[in-house]
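The sequence shown lines up with residues 47 to 209 when you count with this note's numbering. Where is the CB? At the ideal position from N, CA and C, for every residue including glycine. It should be emphasised that the depicted structure is a prediction, and the values quoted were computed from it without experimental measurement. This report concerns only the one structure given below.
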Amino acid sequence: MEKVTHDNIQPVYQEDSQILILGSIPSPKSREYGFYYAHPQNRFWKVLADVYEEPFPYTIEERVSFLYRNKIALWDVLSSCMIDGADDSSIKEPIANNISDLLKHTNIKKIYTTGRKAYDLYNKLCFQNTGVPAALLPSTSPANCRVKYSELLSAYQIVKKGE
Numbered sequence: 047m048e049k050v051t052h053d054n055i056q057p058v059y060q061e062d063s064q065i066l067i068l069g070s071i072p073s074p075k076s077r078e079y080g081f082y083y084a085h086p087q088n089r090f091w092k093v094l095a096d097v098y099e100e101p102f103p104y105t106i107e108e109r110v111s112f113l114y115r116n117k118i119a120l121w122d123v124l125s126s127c128m129i130d131g132a133d134d135s136s137i138k139e140p141i142a143n144n145i146s147d148l149l150k151h152t153n154i155k156k157i158y159t160t161g162r163k164a165y166d167l168y169n170k171l172c173f174q175n176t177g178v179p180a181a182l183l184p185s186t187s188p189a190n191c192r193v194k195y196s197e198l199l200s201a202y203q204i205v206k207k208g209e
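Following this line, the structure appears as structure tokens:
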């Protein structure tokens with residue numbers, strides 16, 4: 047188990063961001079790469095690209111551009127925690143990011159979480175400060191292999207629709 051902080055990966059947003067997608071905390075591969083959902087088997091970027099009917103964004107620059115173009119902000123619920131690798135179920139000593147401050151600087155109206163742990167942590171640590179309910183989306187992690195790609199694609203349609 048190691049202490050993980052969110053120091054090297056900053057939130058991605060613009061003032062006109064309307065949607066916020068939250069994970070729990072960056073995985074070891076994402077921390078190594080310096081950006082969100084960087085594990086090559088994570089389906090996050092493929093799902094979003096397919097939902098928005100756009101080409102797959104390979105580089106960090108392409109991913110940021112994709113998020114900006116679609117008015118999506120991306121961050122994590124936690125700024126730090128103790129965690130065993132990328133195992134969200136092992137999270138201890140969670141410290142939340144200041145999501146309510148981010149909301150003050152954007153037009154975000156909808157919040158989505160990628161996975162049950164992020165959803166539970168958001169509701170426990172952040173909702174009382176933001177007042178904005180989060181919608182639970184299935185995790186795109188390779189560890190969540192029980193959810194088929196077609197199910198992810200269907201579930202993530204609500205992001206584009208803003209439901």
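Three-state secondary structure assigned by DSSP to residue i
i, result
"T176", "helix"
"E61", "coil"
"E100", "coil"
"P74", "helix"
"F112", "helix"
"Q87", "coil"
"Q56", "coil"
"V205", "helix"
"I106", "helix"
Reference residue i; option with closest CA among the options
i, options, result
"K150", "N175, T51 and D133", "N175"
"N153", "D53, Q56 and D62", "D62"
"H85", "A132, I145, D147 and L148", "A132"
"L113", "Q87, F81, K75 and S136", "F81"
"L198", "W91, S146 and V50", "W91"
"G177", "K155, L120, T160 and A189", "K155"
"E48", "N54, I65, Q64 and P74", "P74"
"T159", "L120, S111, E100 and V58", "L120"
"A181", "I129, L94, P103 and V205", "V205"
"K117", "Y79, T105, S135 and I157", "I157"
"R77", "V193, R192 and D53", "D53"
"N88", "Q203, V193 and S200", "V193"
"G208", "E108, Y59, V97 and C191", "V97"
"V58", "I106, E100 and N190", "I106"
Bridge partner(s) assigned by DSSP for residue i
i, result
"T159", "L68 and L182"
"Y51", "In the sequence as displayed, the identity of residue 51 is Thr instead of Tyr. Bridge partners of T51: S126."
"A119", "L66"
"K138", "M128"
"D133", "D130"
| Taking one C-beta from the region 66-85 and one from the region 109-126 each time, how about it: are there three or more such pairs within less than 8 Å? | yes
| Can you find at least 3 beta carbon pairs, one from the region 137-154 and one from the region 166-180, that sit closer than 8 Å? | yes
| said: Measuring CB atoms only, is the region 157-164 touching the region 185-195, in the sense that at least three cross pairs come out at less than 8 Å? | reply: yes
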